[in-house]
Each structure stands twice: as structure tokens, then as C-alpha cells.
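In the numbering used here, the protein residues as written are 2 to 225.
Each residue gets a CB set at the ideal place from its N, CA and C atoms; glycine is no exception.
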């Protein structure tokens, strides 16, 4: 983390890798973001999955669901229910940077789907995919437009590494937003409740905690 933060803040246009926004508190705030009326992406994707999950699962023939950037697994509940309904759900593999989030997700899903095997992986999906457990007939889900957090070179590297992991019978389900009026997108990241602003400032709290830094989050304005 220290090397990434040092490198990012040393650039002329300073930046912090998005993965560091998703500590336990950041993940909670992001879940709140998805509930804001301006944030259309989650509602649209969830509507599609609720409608087509059985068809997606049938076409994929999946026995395992691997979710990259799982959070609370709210994005893939429809897929899990469809796989359970078809009698094909054997294992769920959530990948997230927060151990707290992975553990909480596993506890909830084991209770919801008795007998489900959950193999959580705490790590960065850009670097730690090699640690995924071996499996067969896996459906990899990368939803929520998360690929948009990666710049071009990072996307190429990520997709290349993922292609090396996919085996015969595996499938990839990728969620990407379509072209929108800029005003619609800007509103989605400027919710009136200020949740996105709190989410973005929270990364400074995380850096202070993890690296003993001295950022004053209240001195930073959110602009999108």
C-alpha cells in the first residue's frame, strides 16, 4: 500500500488506486451509494440480473461463482439464487481487498444457502488471481462497472491475466455501463446526501490508519 500511495501522490496529477477505497468502512459507504436515487447503475444492473439470471446460469453451465470485487455479494445474489434453483451451486469464491467484508459475506451466504462451500480470497484482483482455488465450470463475475476503475494498460494486464486463468467450461460475465448523458453520470457521483463525498474522503482516513499519515479529510472537497 505504501508504495502505491507514494507513487500515486508523486504524480503531477495525484491519484490513489481505487482498491484502497474499499476498506470495511469504505465498503459500507459504497453500499449506501448504490441506494442513492441518483446512482442508477446498480438498479439497472440488478434489474437485468433479476430478469436474466436463470438464462445466464443455464447458458454458462456453471457450478461455481467467482466474484471479483465481491463486496457484500449484493450484485450477484440473483445469480446465486438462480444457480441454487437449478441445483448447480457448489461453491462461491468472493474476491475482495477487505478481510472483514469477505468474512461477513461468507457468513451471510452460508446461512442463506446451507451446504454452500465458500472460499474467500482477500486480495487485489489485479495481482492475486493466481491464488484462486482450482475449479471447474466456473462463472467469473466482474460487475458494477468496476473495470472502469482501471486505466487502459491496467485493463489490458488484468484481462490478459484473467484469460490465462480461464479454462474450458469457464465463463466471464462483465458488467459495463453504456454511453450516457454526462449530466446523468455526474449526478450519480454527486448524490445530494453526500454519501459519495464521504466515501472518497474515507480513503484518507484509511491511509492515516494504515500508514500513520496525517491527512485532514475535512480539508478536502469532493468534485465529480
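Check, Outcome
"Unbroken beta strand (DSSP E) run spanning residue 95, endpoints", "92–97"
"Cα-Cα separation, residue 225 to residue 35", "16 Å"
"Exposed unless 16 or more other CB atoms sit within 10 angstroms - verdict on residue 7", "exposed"
"Close beta carbons around residue 1, own chain, < 6 Å, minus the five adjacent residues each side", "Past the boundaries of the shown model lies residue 1; the chain is included only from 2 to 225, so the question cannot be answered."
"Per DSSP, the bridge partner or partners of residue 143", "175"
"Nearest neighbour of residue 85, chosen from 69, 65 and 11 [CA to CA]", "65"
"Residues of its chain near residue 162, where Cβ-Cβ distance is below 7 Å and the 5 sequence neighbours each way are ignored", "130"
"8 Å Cβ shell around residue 105 - same chain, five flanking residues per side excluded", "73"
"Exposed unless 16 or more other CB atoms sit within 10 angstroms - verdict on residue 169", "exposed"
"Sufficient close CB pairs (3 or more, under 8 Å) joining the region 199–212 to the region 22–35", "yes"
"Pairwise C-alpha distance: residue 5 and residue 15", "12 Å"
"Same chain, Cβ closer than 6 Å to residue 68, neighbours up to 5 away in sequence not counted", "77, 95 and 142"
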